[in-house]
Amino acid sequence: MDTQNTPVHLRLWHRGFWLLAFANLLLTMAIYMLIILMGDWQQDVWGLPGSTQGCLMGAYGVGLFLLGPFCSWWVQRYRRNHVCLTAIAAVMAVIAAFWFMQLKYVSWHLQPWHFGALRLMLGATFGLAQMVLSSTLIIDVCESFQRTEANHSSAWFSRFALSLGPVLALVLVRLPLPVPYPHLATATLAAIALTAISALLIMMVPFPFRAPDDQLNHFSLDRFFLPSAWPLILNLLLVAAVAGFLLAIERNAMFYAMMMAGFFLALLAQRFVFADADLKSEPIAGLFLLVAALLIREQPVTQAAVFLAPVLLGVGFGLIGSRFLLFFIKLSRHCQRGTSQSTFFLTWEAGISIGLLMGYASPTKFFCISLTLTVAALAIYHFFTHNWYLHHKNR
Numbered sequence: 303m304d305t306q307n308t309p310v311h312l313r314l315w316h317r318g319f320w321l322l323a324f325a326n327l328l329l330t331m332a333i334y335m336l337i338i339l340m341g342d343w344q345q346d347v348w349g350l351p352g353s354t355q356g357c358l359m360g361a362y363g364v365g366l367f368l369l370g371p372f373c374s375w376w377v378q379r380y381r382r383n384h385v386c387l388t389a390i391a392a393v394m395a396v397i398a399a400f401w402f403m404q405l406k407y408v409s410w411h412l413q414p415w416h417f418g419a420l421r422l423m424l425g426a427t428f429g430l431a432q433m434v435l436s437s438t439l440i441i442d443v444c445e446s447f448q449r450t451e452a453n454h455s456s457a458w459f460s461r462f463a464l465s466l467g468p469v470l471a472l473v474l475v476r477l478p479l480p481v482p483y484p485h486l487a488t489a490t491l492a493a494i495a496l497t498a499i500s501a502l503l504i505m506m507v508p509f510p511f512r513a514p515d516d517q518l519n520h521f522s523l524d525r526f527f528l529p530s531a532w533p534l535i536l537n538l539l540l541v542a543a544v545a546g547f548l549l550a551i552e553r554n555a556m557f558y559a560m561m562m563a564g565f566f567l568a569l570l571a572q573r574f575v576f577a578d579a580d581l582k583s584e585p586i587a588g589l590f591l592l593v594a595a596l597l598i599r600e601q602p603v604t605q606a607a608v609f610l611a612p613v614l615l616g617v618g619f620g621l622i623g624s625r626f627l628l629f630f631i632k633l634s635r636h637c638q639r640g641t642s643q644s645t646f647f648l649t650w651e652a653g654i655s656i657g658l659l660m661g662y663a664s665p666t667k668f669f670c671i672s673l674t675l676t677v678a679a680l681a682i683y684h685f686f687t688h689n690w691y692l693h694h695k696n697r
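In my numbering, the protein residues as written are 303 to 697.
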């Protein structure tokens, strides 16, 4: 029987790994804060049709893929931590530009395409920073036998950012803060601060010098994308689109707090419920929990709908995201570990962008679209993806 036990090695959790894991958390929190802040702001300012708003927010997903082909060349030509820090500095510059846009949009006669360009640049810069951080820097500070666990553990920090970022944004927007700026601009400054702290944490970690390869290609899929994993990509896209849809329509801080509780339950379930279970059980259970959560959320306002639905969503997203990350790692060859990390990240964030587009274009159709996507993901995984993975995995 194929099982999915993942051992835990305490030696992994040294100072360098902790710093990079928290840097990953803070950077990703800032990006998910901006989904809430940017989405609400562009709705209020221009009053555009939902489809146009969705395209502007979804431009982030296109930007994610713009700089990836150059990632391998940059991290070999230059110091890899410097590449990551430069990308994070560019993320800070984009967020700062959005902050200025909030304060000056009337006097500067800003147009919607300016906002779309910012979303595009945000995707490009964050995509590069995250690809270098997750596929290179975190691996560099770990022993070879700990790298799978390091990738698995650090990804959980990004996963918690899916709930922590929106909670922080919604709390800051609603607090009566004694500052001379609008609350939205204050929350944007908090996102800039999180990004700056993330860069400082990375600067505190020493990285060994790596000699570049003899043959350097300026354009490469290495550390960028693994097209051979297309069934996993398709399945994960469907699930991530549901998460993106939620980010587009949900503006209740308690909802995201309860989703975070679901993430904690997913961690406990992996440790105690699915430790030696059949390999297929975890993704199937996660998808069934998503279906149950969507059905409960559709019911009239009750305690179950308010509290149980987001918890089940958190457990479902946690189980599926965590297991699919390990699928990507085990599908790749030895020299493709970084590429598998980047592919998982790009697939998840692209799915989020697709969900944002659908959420702004058709907010009233959340239940029908999300349930259809989840059931399709369940059917595809059960009847095709799982067996395909067993025949193609390399580890």
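Every residue, glycine too, gets a C-beta built ideally from N, C-alpha and C.
All values derive from a computational prediction rather than experimental measurement.
- Message: Rounded to the nearest angstrom, what separates F511 and K667 at their Cα positions?
- Response: 52 Å
- Task: Return the CA-CA distance between F319 and L327, expressed in angstroms with no decimal places.
- Result: The alpha-carbon atoms of F319 and L327 are separated by roughly 12 Å.
- Query: Which class does D342 belong to by DSSP, given the choice of helix, strand or coil?
  - Reply: Helix at D342.
- Message: Would the stretch 428 to 435 count as touching the stretch 361 to 369 if we require 3 or more Cβ pairs under 8 Å?
- Response: yes
- Give every residue of the same chain whose Cβ lies closer than 8 Å to the Cβ of P533, excluding the five residues on either side of it in the sequence, and list them in chain order. I682, F686, T687, W690 and Y691
- Nearest-angstrom Cα separation, counted from G546 out to L539: 10 Å
- Task: Note down the Cα distance separating P482 from L474, rounded to an integer number of angstroms.
- Result: Because the pLDDT at P482 is just 48, under 50, the model does not fix this residue reliably, and the point stays unresolved.
- Message: Taking contact to mean 3 or more Cβ pairs, one atom from each stretch, closer than 8 Å, check whether the stretch 446 to 459 and the stretch 625 to 640 are in contact.
- Response: yes
- Message: Per DSSP, what are the beta-bridge partners of D578 in this structure?
- Response: The partner list for D578 (beta bridge, DSSP) is empty, contrary to what the question assumes.
- Message: So, under 8 Å CB-CB, L673 and L596 are touching, yes? Tell me the CB distance rounded to an integer number of Å.
- Response: Rounded, the Cβ-Cβ distance is 5 Å, consistent with contact.
- Y691 (DSSP reduced to helix, strand or coil): DSSP places Y691 in helix when its eight states are reduced to three.
- Task: Could you check the C-alpha separation between M583 and L336 for me, to the nearest Å?
- Result: The residue you asked about is not Met; residue 583 is Ser in the sequence shown. The straight-line gap from Cα to Cα measures roughly 35 Å.
- Query: Around the Cβ of W375, are there at least 16 other Cβ atoms within 10 angstroms (buried) or fewer (exposed)?
  - Reply: Buried, because 16 or more other Cβ atoms sit within 10 Å of the Cβ of W375.
- Message: Just to confirm before moving on: does the CB-CB distance between L614 and G564 stay below 9 Å?
- Response: yes
- Message: Suppose the cutoff is 7 Å on Cβ atoms and the five residues either side in sequence are ignored; what does the same chain contact list for I551 look like?
- Response: G661, P665 and F668
- Message: So, does the stretch 489 to 496 touch the stretch 395 to 405, judging by three or more C-beta pairs under 8 Å?
- Response: yes
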